[in-house]
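Q: Quick note: the sequence shown uses numbering that gives the first Met the number 0, first residue 0, plus one each step.
Next up is a structure, given as structure tokens.
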Amino acid sequence: MKTIDLHVHSNFSDGTCTPEEIVQLAIKNNLSAIALTDHDGIGGIEHAAFTCAQNNDAPLLIPGIELSTDYEGHDIHIVGLFIDYHNEELIQKTSLFVERRKNRNLEMVKNLQKAGIPITLEALMEGNPNTVITRAHFARFLVSHQIVKEAKEAFSIYLGNDTPYYVPRVMMNSVDGICLILKAGGIPVLAHPMHYKLEEGFLRKMILDFKDAGLVGIETRYSNHRPEDDIFTASLAAEYGLLSSGGSDFHGSNKPAISLGTGRGNLTVPYEYLEHLAAYGGYPL
């Protein structure tokens, strides 16, 4: 059976692998298709596309993005698949997102510096000026400099929402995020719905609101799913007329337990998911 991975991050956001390395890993793992879905940015897609063009056995590359959005005070992620990454509005908005993240990160750096931690924005970039820095980068710095023992401790003491060093993010509204993906010719998909730990009634209300705004799909296969989560999310897809999607949420060594394509070892995202999504949008495979 041909398998795919429609939720992947490179070092153009908070992953540790370059887009080129991700393509090579996808070849090694015998994946038929991957979607590069970096957080709020599209800078890595061109690199992945070039590498795919240079390799006859490369997987089909789906240009994507994962938008961090706000829905009634909750941080909800919307994946966009088949986006036109040359779309001017998408380029402008993602550039704004990166700038907002940069300003927020500068504030957090200053807060940590005041606490005596020798952290800089340049150190967080790790030589890649295109990196979209997230709290994962902060956590990796704190661990590598032996300020904490593990990422969990970094979030508990320094990076969590309830710590004195945290700076809230400015995020776009979820419905606006869905509309942005649609304007860029993409297919909006609700990412990892079980991850948010929402009360079921609230989750259903959110899905209805998103469907009214143009949501097309929902991730029904995900690395952290239990078998019952697969069943529940598939039932939501059927009930609300949404297409199924899925992916590992691969981040390289930032999430070492998660492998490209297979997640924690038992993930399988069937190629037919991609076929249905492509047919919906009229995209050739």
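All residues carry an ideal CB built from backbone N, CA and C; glycine is no exception.
(1) For a test of the three-state rule: what should DSSP assign to G280, helix, strand or coil?
(2) Between H76, I82, S222, which lies nearest to L60 when the distance is taken from Cα to Cα?
(3) Mapping DSSP to helix, strand and coil, what is T68?
(4) Does the Cβ-Cβ distance between M170 and D37 come in under 8 angstroms?
(5) Quick check on the DSSP output: the alpha helix (DSSP H) that includes P18 runs from which residue to which?
(6) By the three-class DSSP mapping on this structure, what secondary structure does F249 have?
(7) Would you identify the three-state DSSP class for M171, choosing helix, strand or coil?
(8) Quickly, what does DSSP pair R220 with across the bridge? List them, please.
(9) Could you tell me if H85 is buried or exposed, where buried requires 16 or more neighbouring beta carbons within 10 angstroms of its beta carbon?
(10) Mind checking who P62 pairs with in its DSSP beta bridge?
(11) Would you tell me roughly how many angstroms separate the C-alpha atoms of H250 and G14, rounded to the nearest one?
(12) Within 10 angstroms of its Cβ, does D161 collect 16 or more other Cβ (buried), or is it exposed?
(13) Who does G369 pair with in a DSSP beta bridge?
(14) Within the same chain, show all residues whose beta-carbon is closer than 7 angstroms to that of I177, passing over the 5 residues directly before and after it, in chain order.
(15) Report the three-state DSSP secondary structure of H275 (helix, strand or coil).
(16) Suppose you measure from the CA of G264 to the CA of L35; what does that come to, to the nearest Å?
(17) From what residue to what residue does the alpha helix (DSSP H) around V108 run?
(18) Do F137 and L158 have their CB atoms nearer than 8 angstroms?
(19) Give the DSSP-derived three-state secondary structure of H73 in the structure shown.
(20) Report all residues from its chain with a CB closer than 8 angstroms to the CB of Y279; omit the five preceding and five following residues, and keep chain order.
(21) Tell me whether the beta-carbon of V22 lies closer than 8 angstroms to the beta-carbon of N54.
(22) Taking the beta strand (DSSP E) that H194 belongs to, which residues open and close that run?
(23) Who are D4's beta bridge partners in DSSP?
(24) Which residue marks the beginning of the alpha helix (DSSP H) containing K321, and which one marks its end?
(25) Given G43, which residues of its chain have a CB within under 6 angstroms of its CB, disregarding the five upstream and five downstream residues?
(26) Quick check: T2 and S31, are their CB atoms within less than 8 angstroms of each other?
(27) Keeping to the same chain, check which residues put their C-beta closer than 6 angstroms to that of S173; ignore five residues upstream and five downstream.
(28) If you reduce the DSSP assignment to three classes, tell me which class G297 lands in.
A: Concretely, from the data shown:
(1) Counting from one through the sequence shown, the residue named residue 280 turns up at place 281. Of the three classes helix, strand and coil, the one that applies to G280 here is helix, per DSSP.
(2) By 1-based counting over the sequence shown, the position of residue 60 is 61. Taking each of H76, I82, S222 in turn and checking the Cα distance to L60, the smallest one comes out for I82.
(3) Locating residue 68 in the sequence shown gives position 69, where the first residue counts as 1. In the structure shown, T68 sits in a strand (DSSP, three-state: E or B).
(4) As a working mapping, residue 170 is identified with position 171 in the sequence shown. As a working mapping, residue 37 is identified with position 38 in the sequence shown. A distance of 8 angstroms or more separates the beta carbons of M170 and D37.
(5) Numbered from 1 along the sequence shown, position 19 holds the residue referred to as residue 18. Where P18 is concerned, the enclosing alpha helix (DSSP H) stretches over 18-27.
(6) On the sequence shown, position 250 is the one that residue 249 refers to. Strand at F249.
(7) Counted from its first residue, the sequence shown places residue 171 at position 172. Three-state result, M171: strand.
(8) Here residue 220 is taken as the residue at index 221 of the sequence shown, counted from 1. In the DSSP output, where bridge partners are listed per residue, R220 has G245.
(9) Translated into positions along the sequence shown, residue 85 becomes position 86. Result: exposed.
(10) Here the question's residue 62 lines up with position 63 in the sequence shown. Paired residues: L35.
(11) As a first step, residue 250 must be located in the sequence shown, where it is residue number 251. As a first step, residue 14 must be located in the sequence shown, where it is residue number 15. C-alpha separation (whole angstroms): 4 angstroms.
(12) Taking the first residue of the sequence shown as 1, we reach residue 161 at position 162. Its Cβ having fewer than 16 others within 10 Å, D161 is exposed.
(13) Past the edges of the chain, shown from 0 to 284, lies residue 369, and the structure says nothing about it.
(14) One-based indexing of the sequence shown puts residue 177 at position 178. The residues are I77, P187, F209, A212, G213, L214.
(15) For the purposes of this step, residue 275 is identified with residue 276 of the sequence shown, where counting begins at 1. H275: helix per DSSP, three-state reduction.
(16) Position 265 of the sequence shown holds residue 264. Position 36 of the sequence shown holds residue 35. Rounded to the nearest whole angstrom, the CA to CA distance from G264 to L35 is 20 angstroms.
(17) Residue numbering aside, residue 108 sits at position 109 when the sequence shown is read from its first letter. From DSSP, the alpha helix (DSSP H) with V108 extends over 87-113.
(18) In the sequence shown, counting from the first residue as 1, residue 137 sits at position 138. In the sequence shown, counting from the first residue as 1, residue 158 sits at position 159. In contact: F137 and L158 (Cβ atoms closer than 8 angstroms).
(19) The residue you call residue 73 lines up with position 74 of the sequence shown. In the three-state DSSP reduction, H73 falls in the strand class (E or B).
(20) Taking the sequence shown and counting its residues from 1, one reaches residue 279 at position 280. I186, V215, L242, listed in sequence order.
(21) Looking up residue 22 in the sequence shown gives position 23. Looking up residue 54 in the sequence shown gives position 55. In contact: V22 and N54 (Cβ atoms closer than 8 angstroms).
(22) Position 195 of the sequence shown holds residue 194. Element bounds for H194: n/a, residue is neither H nor E.
(23) The residue you call residue 4 lines up with position 5 of the sequence shown. I33.
(24) This structure gives no information on residue 321, because the portion of the chain shown stretches from 0 to 284.
(25) Translated into the one-based positions of the sequence shown, residue 43 becomes position 44. Here the set comprises S9, F11, P18, L35, D37.
(26) As a first step, residue 2 must be located in the sequence shown, where it is residue number 3. As a first step, residue 31 must be located in the sequence shown, where it is residue number 32. It is a contact, given that the beta carbons lie within the stated cut-off.
(27) Here residue 173 is taken as the residue at index 174 of the sequence shown, counted from 1. Same-chain partners within the cutoff: T68, Y70, I75.
(28) This structure cannot settle anything about residue 297, because the visible part of the chain is limited to 0 through 284.
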